[in-house]
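Letter 252 of the sequence shown, counting from 1, is numbered 232 in the numbering used here, and no numbers are missing.
Even for Gly, the Cβ is constructed at its ideal location relative to N, Cα and C.
In this text the structure is predicted, and so the values were computed from the model without any measurement.
See below for the structure under consideration.
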Amino acid sequence: MKLLCLSLVAAALFAAPDVQTIRTPNNGIQPRAILDRSGTLHLLYYVGDHLHGDLFYVKSSDVGATWSSPLRVNSEPGTAIAAGTIRGGEMAIGKNGRVHVAWNGSSNAAPSGPLNPESGQRGAPMLYSSLNDSHTGFEPERNLMTRTFGLDGGGVVAADLAGHVYVAWHGKTPGAAKGEAGRQVWIAESDDNGKTFAAERPAWNQPTGACGCCGMAIFADSKGVVRALYRSATENVHRDIYLLTAPRGSLVFEGRRLDTWNINACPMTSMDFAQAGDKVEGAWETGGHVYFEDLTAATAARIAAPEGGQNQKHPRLAIAPNGETLMAWTEGTGWNRGGSLAWQLYDAAGKPLGNKCMQPDVPAWSFGAVVAKPHGGFLVIY
């Protein structure tokens, strides 16, 4: 189905690029979508109260025209959370098509989170589960926090086809500096497709802090390179975007700053990665605007979404085989407030194709998901 989009320049209507929009099944929110190499579309979504909800997984063999019966990911009801829009479920597809899911546990979660010595209370656990070998259900979730506390912003998961699984979050250890300056990114790694995990360890030793209520993104590309995006927090004002990169076969990360933002507040932002061929792109928000960049180019500049949107947040990326990129993001959303989904298509060099398009009625606490369809065009799920 072709969508009619309003030109931001001439206020004229034109036939949009081949972008199909569908609603998340079962009135779910926070969709996470992955199209695997066999053409199967995997979808994770959230249902229920924003503080005590559930994660469900479905798949489709016809790019979202029909879906499988939903499988609940969390073994105990009400043990996931959607508040803040950056604490919900994250999904990755690994070796043998195994589906891996990580999420911030709610206050109902068992096992409970570790003791926070700064507050004297137990915090949220960083939970992980995976689809069982028969693909009929999910394994009981496990808390991967063994030496850290203070989970706040969203944890993330990545996996590769060699059986490595990476779950990351930002938190603290006893003795760390007070406040967000003492936070850092931690990674727990599995080399047996999620059966066991090593204890978490710091991803990088630089004292950048981490924005407590902001999300992260982590991605293992087809060559085994692992990348992570997160927002720093130093002196309560420097909330910059950092990229961490570890080469294949190593979790020794090098970091570099991609963007700067001085704001004395927690902006509750999230990030994303996408790959097609050898190209890997990353997306983030700075100052109420969203951007993406080719992270594999020798020289690259950030590419901005069109101006004019109100409070652009939660960018999501998909790259077509011909190198075209679709970036989607929310506009007008806020704490317990829905808004609209917007998107823009770009050619392989980052030049906009056509005009920005909009889809209203994005629910509170939600965002969009985008995938490149196997035979051309894109699918947007909201």
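Excluding residues up to 5 positions away in sequence, Glu56 lie with their Cβ nearer than 7 Å to the Cβ of Ala90 in the same chain. In this chain, the beta strand (DSSP E) harbouring Asn335 covers 332 to 342. Counting C-beta pairs closer than 8 Å gives three or more between the region 178 to 187 and the region 150 to 169, which meets the contact rule. The region 66 to 150 contains, as complete beta strand (DSSP E) runs of 3+ residues, the segments 70 to 73, 79 to 84, 106 to 110, 136 to 139 (chain order). Annotated three-state conformation of Pro354 is coil, per DSSP. When the five nearest sequence neighbours on each side are left out, the beta carbons in the same chain lying within less than 7 Å of the beta carbon of Gly330 are those of Ile283, in order along the chain. DSSP places Glu169 within a strand segment (E or B) once states are collapsed to three.
Around the Cβ of His115, a 10 Å sphere holds fewer than 16 other Cβ atoms; the residue is exposed. Distances from the alpha-carbon of Ala200 to those of Arg237, Val145, Met248 put Val145 closest. Exclusion of the five residues before and after Arg317 leaves Ala344 as the residues of its chain whose Cβ lies within less than 7 Å of its Cβ.
Contact check for Thr310 against Leu321 passes: the beta carbons are separated by less than 7 Å. With the rule of 3 Cβ pairs closer than 8 Å, the region 8 to 16 counts as touching the region 342 to 358.
Trp315 sits exposed, since fewer than 16 C-beta atoms from the chains shown fall within 10 Å of its C-beta.
CA-to-CA, the gap between Arg52 and His30 works out to about 16 Å. Thr313 has its alpha-carbon roughly 28 Å from the corresponding atom of Trp47. In this structure, DSSP gives Glu180 a state outside helix and strand, which the three-state scheme calls coil.
DSSP places Glu56 outside both helix and strand once states are collapsed to three, so it counts as coil. Nearest to Gln186 by alpha-carbon distance, out of Thr176, Ala161, Val27, is Ala161.
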